[in-house]
Amino acid sequence: MRLLCALGLFSALLHVTSCLLIGAFNIRHFGEKKSGIKDPKKEYEEARNTIKKIINRYDIILIQEVRDKDWKVTKGIMDLVNKDIPIDSPHHFDNISSDYLPVTEREESYKERYLFLYKNKKVTVKDSFHYNEGKRGVFERPPFVVKFSSTETAGKEFVLIPIHTKPGHAVKEIDALVDVVDAAEQSLKNNNIMVLGDFNAGGKYVKKDDWKNIRRLCNETNFNWLIENNVDTTVLRLKFAYDRIVVTTDMNKGVVEDSARVFDFWVKYDLNLEKAWRVSNHFPVEVELELKLLENPKKRAQEPVEKPDRNPKKAKQIHQNPN
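Going by mature numbering (1 follows the signal peptide of the UniProt record, and there is no 0), the letters in the sequence shown line up with residues -19 to -1, 1 to 304, in that order.
(1) Taking buried to mean at least 16 other C-beta atoms within 10 Å of its own C-beta, is P194 buried or exposed?
(2) Going along the chain, which unbroken runs of the beta strand (DSSP E) with 3 or more residues stay wholly within the segment 71 to 101?
(3) Going by beta-carbon coordinates alone, are I44 and L2 separated by less than 8 Å?
(4) Considering only the alpha carbon of each residue, which of D108, T229, K188, F244 lies closest to L169?
(5) So is G183 buried or exposed if we call it buried at 16+ other beta carbons inside 10 Å?
(6) Return the residue from the list L82, V216, F125 that minimises the CA-CA distance to L252.
(7) Taking all protein chains shown into account, decide if K50 is buried (16 or more other Cβ within 10 angstroms of its Cβ) or exposed.
(8) Alpha carbon to alpha carbon, how far is K185 from G149?
(9) Helix, strand or coil: how does DSSP classify A5 here?
(10) Should the segment 110 to 122 be called in touch with the segment 16 to 35, which here means at least 3 C-beta pairs below 8 Å?
(11) Whole angstroms is fine: what's the gap from Q301's alpha carbon to Y95's?
(12) Do you know how far the Cα of P21 is from the Cα of I41?
(13) Output yes or no for whether 8 Å exceeds the beta carbon distance between L270 and V227.
(14) For residue 317 and P83, what's the separation of their Cα atoms in angstroms?
(15) Tell me the DSSP bridge mates of P143?
(16) Going by CA-CA distance only, name the one from K234, N173, I155 that's closest to P123.
(17) What alpha helix (DSSP H) runs, 4 residues minimum, are completely inside the segment 175 to 251?
(18) For G57, tell me which candidate among T132, N76, S70 has the shortest Cα-Cα distance.
(19) If you follow the alpha helix (DSSP H) that K128 is part of, which residue opens it and which one closes it?
(20) Report the start-end ranges of each beta strand (DSSP E) in the segment 24 to 64 that is 3 residues or longer and not cut off at the edges.
(21) Return yes when the Cβ of I144 is within less than 8 Å of the Cβ of residue 306, no when it is not.
(22) Check whether the Cβ atoms of K34 and H72 sit closer than 8 Å, and answer yes or no.
(23) Does DSSP put K137 in a helix, in a strand, or in coil?
(24) So what does E267 bridge to, in DSSP terms?
(25) Put S16 into one of helix, strand or coil per three-state DSSP.
(26) Among the residues of its own chain, which have a CB less than 8 Å from the CB of P293, if the five just before and after it don't count?
(27) Would you tell me roughly how many angstroms separate the C-alpha atoms of C(-1) and T85, rounded to the nearest one?
(28) List the residues that DSSP assigns as beta-bridge partners of H111.
Structural data, given as structure tokens:
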């Protein structure tokens, strides 16, 4: 199955593949300079080129820390990734973005958008909503829930829930993600759900003793953590798994075995620390999804268990392009 996904582009001439590569990338301070809107000295030109290469790997990618009050940064990144790509190309990206969150916060330095870029020949957006109407509550930046549909595998739909927690509130926010999953199931009538993004789930923000306070997301048979605690998602090699991908049991049926991983662009693109840091302080996390293995929506069991099941599809950190 993994081989089929890896050869998907080649085999497209012969038959249609339903395999998607989905990623989440916290691009540190992604604003006017990094997007190229205001970078007269071209300080970030090389970083932009690297960001473009990273984004182009994915069929769907969530970008976090998008500092974009008036949509100029979003336009800048779309111009970047779609440059010289015809609109009818299978490599052409479209996007869907959250509001500038939280909507109740006036201080601009704390606000950002959740931005999904997706190849519109492979998937389309069917529905979306802001959890808690985008207002600050438990979440510093309330999740923006999006339902996607495959254009290649009829009837296969799934939901992505992005999250970028406030570091000091990470434990509380991570535990509350179960409420967002429940809201998504109820509103969108779908239980093929993936939660992804910068959970800040490590280091001083989520310590060993804190995991007992994240019982709902960790201890239910419904959830599978694809990026585990021993994975390093930081460019500075801090050995912290800040960035995570968590899927419901139904969604996990479509996860390609051993495909959840960190994409180490520092090694892959032969960068030094300074150049890698200009791109971001986080590596992307990613997973391959085989849509034809997803089942139709059904009611999720609500009964928690004392110990989480070991997930056989656990993360592997790689230092090169898996293709």
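We put the CB at the ideal spot given by N, CA and C, even for glycine.
Straight from the coordinates:
(1) The sequence shown places Asn at residue 194, rather than the Pro named in the question. Exposed.
(2) The qualifying runs are 74 to 78, 94 to 100.
(3) Contact flag unset, no.
(4) D108
(5) buried
(6) V216
(7) Per the 10 Å Cβ criterion, exposed.
(8) 9 Å
(9) strand
(10) no
(11) In this prediction, Q301 scores a pLDDT of 36, lower than 50, which makes its location untrustworthy; the coordinate-derived value is nonetheless stated afterwards. Cα to Cα, the separation comes out at about 27 Å.
(12) About 30 Å.
(13) no
(14) Absent from the model: residue 317. The displayed extent of the chain is -19 to 304, so no value can be given.
(15) The partner list for P143 (beta bridge, DSSP) reads L177.
(16) The option with the nearest alpha carbon to P123 is I155.
(17) Fully enclosed alpha helix (DSSP H) runs of 4 or longer: 196 to 199, 230 to 233, 246 to 249.
(18) Nearest C-alpha to G57: N76.
(19) Per DSSP, K128 belongs to no alpha helix (DSSP H); it is in the beta strand (DSSP E), 125 to 131.
(20) List check, beta strand (DSSP E) in window: 41 to 47.
(21) The question about residue 306 has no answer here: the residues shown for the chain are numbered -19 through 304.
(22) no
(23) Reduced to three states, the DSSP call for K137 is coil.
(24) G4, R242
(25) helix
(26) Low confidence applies here, because P293 scores a pLDDT of 37, under 50, leaving its location unreliable; read the following figure in that light. Counting only Cβ-Cβ distances below 8 Å, and skipping sequence neighbours, we find E238.
(27) 39 Å
(28) F125
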